[in-house]
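Residue numbers (this note's numbering), protein chains in the order written: chain F, 1 to 277; chain B, 1 to 428. Before any comments, here is the structure.
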């Protein structure tokens with residue numbers, strides 16, 4: 001029982017890099033899942049259709065969009081039926097929007113725990129990804145059914161699926177790390193989030209294809225990291241034209257800069273979380 | 001035995017600014033009252049405060065140390081720094097071994113989840129591994145005594161059950177160093193006994209424990225050493241009994257009486273406090289009372305401009321519990337609108353005999369103006385104005401009678417009991 005005990009030194013951090021501790025986060029990976037499981041369980045508890053909501057939300061959106069944009073506005077859909085064109089983008093979009101929103105709120109929603117128990121705070125926004133992914137895969141199952149229904153077969157490019165998923169998650173986290181930390185000090189973030197998500201949705205080719213964007217605006221549009229992600233998903237699933245990989249490379253690089261600066265920013269503000277309350 | 005905790009000049013500077021008014025009505029109200037009070041008294045609030053200043057001590061492995069002090073003395077801040085919830089502003093602390101903390105039992109519980117799910121969630125938040133919880137699960141449930149309700153969402157639990165489950169989970173946390181804040185005073189008497197037993201067990205395991213409590217009985221029972229903190233500084237560190245005595249003395253002897261000159265008196269342009277005295281039935285100033293005698297609180301105040309002002313006293317015991325609030329008004333609404341003409345007034349409140357329990361008490365004195373359509377306005381508000389002591393003697397006519405031990409309860413009144421035989425037959 002007399003094993004060597006770990007020695008920990010508490011002192012005012014001289015730089016933010018002193019406080020970033022990846023090993024500690026890995027050590028508490030069970031907590032990350034515990035928070036995710038809590039969120040998943042609580043989200044659909046006391047609802048009649050439970051997980052069905054994860055499917056119904058994007059599905060209902062798809063039906064509405066198909067009617068408004070597909071039927072009435074006659075927005076072109078790259079030679080695939082509009083419902084599947086919209087749904088194949090709405091499912092990854094929903095993942096992004098949920099991860100962005102919930103992660104941004106995660107610290108504020110758990111302030112009471114933060115003020116009483118220590119754990120690496122970054123676990124909170126990270127755990128949101130797990131619960132968002134669970135919803136994502138539930139909704140994705142419907143996409144498979146739709147593809148079978150429309151007789152669309154995925155291509156061999158399917159192996160790129162995780163890559164786009166990965167880029168998307170980092171994009172959501174990169175933004176959310178900034179916002180979740182800011183949110184503790186300025187609750188305005190909550191309200192900003194609502195229209196940020198909305199504007200972002202319309203700035204991304206979810207309900208329309210990229211080709212209807214005038215040529216001169218295309219580079220600006222492509223800089224939106226989600227453009228490449230959504231186009232990428234459609235490309236591997238529905239065999240629509242591929243995203244511009246040069247521009248996607250640039251926006252991916254931007255995402256990583258956003259993510260790593262987000263981590264630093266989060267840790268910088270983190271030490272004040274318990275004091276602000 | 002090595003050193004488990006060592007702190008060097010640990011200090012924490014807090015900003016005491018205005019809280020963001022996130023729609024919390026309570027804050028808005030208290031903010032409003034403060035503002036008015038500020039204007040009247042001209043009290044200038046500092047923006048920064050050292051809640052902890054140059055705190056240095058060492059704790060050996062296996063030692064159980066009690067941290068005592070008044071509310072706001074800095075005890076919780078110390079635990080928060082040691083448990084890494086907040087950073088110190090200056091100084092450092094070295095901790096050897098795994099640290100666990102129980103600063104508030106049950107924080108992290110989710111009301112929608114069942115008892116079972118919450119044990120896992122809370123245990124994981126506290127730092128337990130799933131395997132550890134699996135192994136201890138039955139023990140935790142057994143300890144809580146809630147096996148029947150373990151699959152019920154905790155929102156249906158009573159607050160007692162809630163706390164029992166949370167404490168049971170936290171008590172099974174295996175760490176080398178344990179930081180505990182005022183969690184021993186939870187649940188009913190039966191569960192408290194269980195908690196004490198658990199603490200005894202823990203003590204035998206040679207873990208290092210730092211415990212903050214206002215419960216001197218618990219401190220005396222479990223701690224071999226105590227540290228008294230006030231205004232962020234260590235006042236005394238040493239043998240538990242001596243430190244507790246110092247604390248009680250410190251606490252009860254804040255002031256025997258208070259008297260102010262007109263210029264220095266706390267108050268407003270309408271009213272000022274002149275004096276606060278504690279007297280016995282013969283009118284002698286006194287600070288230690290036999291529970292069988294009445295206690296008289298005498299408050300003198302000046303009314304400077306005509307105003308409907310009255311005196312309120314708030315009695316707090318040594319655990320910081322408010323025992324009662326007494327207001328100098330025969331009717332809550334009627335008296336409040338009777339205007340007092342300028343002059344010197346004296347209000348005497350008689351605290352009846354055979355009411356208070358053993359211990360030290362502290363009085364807060366307030367000059368209140370009852371407003372018709374808004375919250376009462378405080379013209380003067382003196383916390384810890386005076387203190388006194390009450391002892392319940394070993395006497396046939398005291399509620400203690402011939403029982404020498406301690407007795408839980410905020411008050412210890414003398415009750416009227418009547419017992420008589422209803423029937424001679426057992427099976428009527």
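Glycine is no exception: its CB is placed at the ideal position from the N, C-alpha and C atoms.
For residue 110/B, the chain F residues whose Cβ falls inside 8 Å of its Cβ are 38 and 42, in order along the chain.
In the structure shown, the three-state DSSP call for residue 346/B is strand.
Per DSSP, the continuous alpha helix (DSSP H) segment holding residue 248/F begins and ends at 245-270. For residue 54/B, the enclosing beta strand (DSSP E) has its first and last residue at 48-60. For residue 120/B, the C-beta contacts it makes with chain F under 9 Å involve 34 and 37, in order along the chain. For residue 129/F, the closest alpha carbon among the candidates 193/F, 33/F and 47/F is that of 33/F. Under the DSSP assignment, residue 258/B falls in the beta strand (DSSP E) whose first and last residues are 257-259. Taking 9 Å as the upper bound on Cβ-Cβ separation, chain F lies near residues 153 of the region 141-175 of chain B. The beta carbon of residue 76/F sits closer than 7 Å to those of 209 and 212, all from its chain and outside the five residues before and after it, given in chain order.
Considering only 276/B, 151/B and 360/B, the residue with the shortest C-alpha distance to residue 111/B is 151/B. Under the Cβ criterion of 8 Å, residue 144/F is not counted among the residues facing chain B. In the DSSP assignment, residue 75/B falls within the unbroken alpha helix (DSSP H) covering 75-82. Taking the beta carbon of residue 117/B as reference, the chain F residues within 9 Å of it are 37, 38 and 41, listed in sequence order. For residue 234/F, DSSP records no beta bridge to any residue. Separation of residue 342/B and residue 301/B (C-alpha to C-alpha, rounded to the nearest whole angstrom) is 10 Å. Not a single CB atom of chain B sits nearer than 8 Å to the CB of residue 121/F. Contact of residue 78/B with chain F is not assigned, every C-beta pair being separated by 8 Å or more.
Burial check for residue 115/B: the Cβ neighbour count within 10 Å reaches 16 or more, so the residue is buried.
Restricted to the region 6-72 of chain F, the alpha helix (DSSP H) segments that are unbroken, complete and at least 4 residues in length are 22-27, 29-44 and 52-65, listed in chain order. In this structure, the beta-carbon distance from residue 119/B to residue 169/B falls below 8 Å. Taking 8 Å as the cut-off, the beta carbon of residue 87/B is found no closer than this to the beta carbon of residue 48/B.
Contact annotation for residue 180/B against chain F: no contact, minimum CB-CB distance about 12 Å [criterion: below 9 Å]. In the displayed model, residue 298/B falls within a strand according to three-state DSSP. Taking a cut-off of 8 Å for Cβ pairs, the region 77-87 of chain B and the region 113-128 of chain F touch, as three or more such pairs fall below it. Restricting attention to beta strand (DSSP E) runs no shorter than 3 residues, the region 350-379 of chain B encloses them at 359-369, ordered along the chain.
Counting only unbroken stretches of 4 or more residues, the alpha helix (DSSP H) elements lying wholly within the region 162-232 of chain F are 188-202 and 218-223, in sequence order. For residue 123/B, the enclosing alpha helix (DSSP H) covers residues 115-126.
Of all residues in the region 98-118 of chain F, the ones placed with a Cβ closer than 8 Å to any Cβ belonging to chain B are 112, 113, 114, 115, 116, 117 and 118, in chain order.
For the pair residue 109/B and residue 141/B, the CB atoms are not nearer than the 8 Å cut-off. In the three-state reduction of the DSSP assignment, residue 240/B falls in the helix class. Residue 110/F counts as buried, since no fewer than 16 other beta carbons sit within 10 angstroms of its beta carbon.
A contact between stretches requires three or more CB pairs, one per stretch, nearer than 8 Å, and the region 141-151 of chain F fails this requirement with the region 214-229 of chain F. In this structure, the beta-carbon distance from residue 79/B to residue 95/B does not fall below 8 Å.
Relative to the Cα of residue 175/B, the nearest Cα in the group 377/B, 262/B, 61/B and 353/B belongs to 61/B. Inclusion of residue 358/B and residue 413/B in the CB contact set at 8 Å is not warranted, their separation being larger than that value.
In the DSSP assignment, residue 91/F falls within the unbroken alpha helix (DSSP H) covering 82-109.
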